[in-house]
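Here is the structure we will look at, set down as C-alpha cells.
Number of protein chains: 2
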Amino acid sequence: MVTRVQLDISQCAPAPGVEPMARTKATEIAGLLKAVADPTRLQILAMINQGENSSACTCDLTGPLGLSQPTISHHMKKLTEVGLLSAERKGTWVHYTVNKDLWSQIAELFE
Amino acid sequence: MVTRVQLDISQCAPAPGVEPMARTKATEIAGLLKAVADPTRLQILAMINQGENSSACTCDLTGPLGLSQPTISHHMKKLTEVGLLSAERKGTWVHYTVNKDLWSQIAELFE
DNA sequence: GTAGTTTATAGATAACCATCTATGAATAGG
DNA sequence: CCTATTCATAGATGGTTATCTATAAACTAC
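What follows is the structure, given as C-alpha cells:
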C-alpha cells in the first residue's frame with residue numbers, strides 16, 4: 015500500500031477530483047458579501063434593524079453617521095441592488111427595510 | 015397626544031437616541047468580511063473545507079483555480095491576516111487550515 | 001554546495017470604490 | 001407657479017486591490 019505522504023515527498027500532487035466551487039457562484043456570493051463588507055453599510059443595516067418598524071429613511075442616517083446625503087444614498091443603492099434592502103416611497107420620504115430572508119441566507123453560508 | 019407621524023409631516027426628525035454601531039467595531043467586522051468577499055478566496059475556503067484533513071497547501075490550489083502562485087499566496091496571506099486561516103510549515107509545504115471558530119462567528123453576525 | 005521544489009516578496013498596472021460637491025428630479029403645501 | 005424638503009445622479013478624486021512578472025527565501029535531497 016502506498017500512502018499519499020510517501021508519494022509526495024518531493025513533488026506536489028494535489029488530490030485529483032477536487033473541483034473548485036463554480037466561479038459564477040463564487041462571484042455571485044462575493045457580490046452579496048461585498049455589499050455588507052463596508053463599515054458604513056454595516057452601521058446602516060444595524061441602525062435599520064434596531065429602529066422602530068425596522069425601517070429608516072436616508073435623512074435618518076446622515077446625521078448620526080456624519081456623512082453627506084449623496085454618500086448615504088449611494089450606500090442605500092448598493093444594498094438595494096443586491097436585495098438586502100427594499101425601498102418604498104412614502105410621499106417625500108423613502109423607507110428602507112431589511113430583507114430578513116437574504117440576511118439569514120448569509121448566515122447559512124458560514125455554518 | 016402628539017405622534018411622530020404628525021410631527022414629521024414636512025420635516026425629517028430622526029428618532030433621538032438611536033446611536034450607530036461604533037465605527038471602530040464596524041471597521042473591524044468589515045475587515046473580516048472583506049477578506050471573505052472575494053470570489054477567489056471563497057473558492058479557496060470551500061476547497062480547504064471540502065478537502066481531506068480540511069487543509070491544503072498553495073500548490074494544491076493554483077491548478078484548479080487557474081491563477082499564478084503569487085496570486086494564491088497573496089490571498090492566503092489576506093485570509094491568514096484576519097485569522098480565518100492558520101498556516102503550518104511542514105517541510106517544503108505550508109498547510110493551511112480554516113479557523114472554524116471565526117468562521118462560525120461570521121454566521122452569528124447575521125442571525 | 002548544487003539543483004529542484006515550494007512559498008513569499010517587490011514592483012507595476014488596471015480596475016474598482018467611498019467620498020465629496022454640484023445639480024437635477026420628485027413630492028408636498030401654499 | 002413658487003418654495004421647501006427629500007432623494008437620486010453626474011463627475012471628480014484619492015485610496016484600495018487583484019493580478020501579473022521577476023526575484024528572493026526556505027527547505028529537501030543528493
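Heads up: the protein sequence lines correspond to chains A and B, in order. According to this note's numbering, the first sequence holds residues 15 to 125 in order. According to this note's numbering, the second sequence holds residues 15 to 125 in order. Glycine residues also receive a C-beta, built at the ideal position from the N, C-alpha and C atoms. Quick caveat: nothing in here was measured; it's all calculated off a predicted structure.
Tell me which residues share the same chain as residue i and place their Cβ nearer than 6 Å to its Cβ, disregarding the 5 neighbours each side in the sequence.
i	result
residue 101 of chain B	94, 108 and 110
residue 46 of chain A	96
residue 54 of chain A	89
residue 76 of chain B	83 and 86
Excluding the 5 residues preceding and the 5 following residue i in the sequence, name in chain order all residues of the same chain whose CB lies nearer than 7 Å to its CB.
i	result
residue 63 of chain A	112
residue 87 of chain B	72
residue 97 of chain B	113 and 116
residue 56 of chain B	50
Is residue i helix, strand or coil when you go by DSSP?
i	result
residue 125 of chain B	coil
residue 106 of chain B	coil
residue 114 of chain A	helix
residue 82 of chain B	coil
residue 98 of chain A	coil
Ignore the nearest five residues each way along the sequence and tell me which others in residue i's own chain have a CB closer than 8 Å to its CB.
i	result
residue 21 of chain B	With a pLDDT of 40 at residue 21 of chain B, under the threshold of 50, the modelled position of this residue cannot be trusted, and the question is left open.
residue 65 of chain B	74
residue 15 of chain B	Residue placement at residue 15 of chain B is poorly supported in this model, since its pLDDT is 39, which falls under 50; the coordinates are not used for a value here.
residue 23 of chain B	Here the model assigns residue 23 of chain B a pLDDT of 49, short of 50, so the residue's position is not dependable, and the following value carries that caveat. Cβ neighbours of residue 23 of chain B beyond the five flanking positions: none.
Quiz item: On the three-pair Cβ rule with 8 Å, is the segment 33-41 of chain B touching the segment 71-84 of chain B?
Solution: With a cut-off of 8 Å, the segment 71-84 of chain B and the segment 33-41 of chain B do not count as touching, because too few Cβ pairs lie within range.
Quiz item: Can you list the alpha helix (DSSP H) stretches of 4 or more residues lying completely in the segment 28-55 of chain B, in chain order?
Solution: Counting whole runs of 4 or more residues, the segment 28-55 of chain B contains the alpha helix (DSSP H) stretches 37-50.
Quiz prompt | Residues, ordered as in the chain, of the segment 41-60 of chain B that lie near chain A by beta-carbon distance below 7 Å | solution = So the close ones are 41, 43, 44, 47, 48, 50, 51, 52, 53, 56, 57 and 60.
Quiz prompt | Residues, ordered as in the chain, of the segment 96-120 of chain A that lie near chain B by beta-carbon distance below 7 Å | solution = Cβ contacts with chain B: 117, 118 and 120.
Quiz item: Of the residues that make up the segment 75-96 of chain B, which ones have a beta carbon closer than 7 Å to any beta carbon in chain A?
Solution: Interface annotation for the segment 75-96 of chain B against chain A: 77, 78 and 79, criterion Cβ-Cβ distance under 7 Å.
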